[in-house]
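Numbering of the sequence shown is given in numbering that gives the first Met the number 0, commencing with residue 0 and proceeding in unit increments.
Think of the CB as a built atom: it goes at the ideal place given N, C-alpha and C, for glycine as much as any other residue.
Owing to the predicted nature of the structure, the values given are computational and were not obtained by experimental measurement.
Everything on this sheet refers to the single structure shown next.
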Amino acid sequence: MTIEATGGSVVGESTSGAIAAPAHPQYVSKALRLLSSDHPGLILVSSPLDGKYFLAWSRAMRRALGAKLKLGFITRACKKPIGDPELIEKWTRVDL
C-alpha cells in the first residue's frame with residue numbers, strides 16, 4: 000500500500016504502488032530543510048518493528064514522517080534533483 004501524491008500533497012492510499020504526480024517544488028524545498036530535531040537517533044515511533052504489528056507500526060511511521068515532511072523520500076514524491084549541484088547536496092544530506 001502506498002500513498003499517492005498529487006502536486007506535493009498527500010491525497011489518498013493506493014494498492015497499485017503508483018505515484019500520481021511529482022511533488023510540487025515548494026514541498027521539495029521544505030522537505031530538504033533540516034531542523035535541530037532531525038537527527039539519526041530520533042525515535043519516530045514508540046514501539047520497534049518486530050514483525051507482529053507491522054500494520055500499526057507502518058501507520059505510525061507514515062504519520063511521523065509525514066509530520067516532518069519526510070514521507071516524500073519513502074513514497075518517491077521527493078526525487079533526487081538532476082543538474083543543480085546545490086539541490087543535489089541538500090537532497091543527499093537530508094536523505095541519509
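- The alpha helix (DSSP H) runs of length 4 or more contained entirely in the stretch 50 to 80 are, from start to end of the chain, 53 to 66, 70 to 74.
- One Cα belongs to Arg75, the other to Met60, and the distance between them is close to 16 Å.
- Ranked by Cα distance from Arg58, the first of Lys69, Asp49, Val44, Gly50 is Val44.
- In the structure shown, Pro84 adopts helical secondary structure according to DSSP, grouped into three states.
- The beta carbon of Leu86 sits closer than 7 Å to those of Pro80, all from its chain and outside the five residues before and after it, given in chain order.
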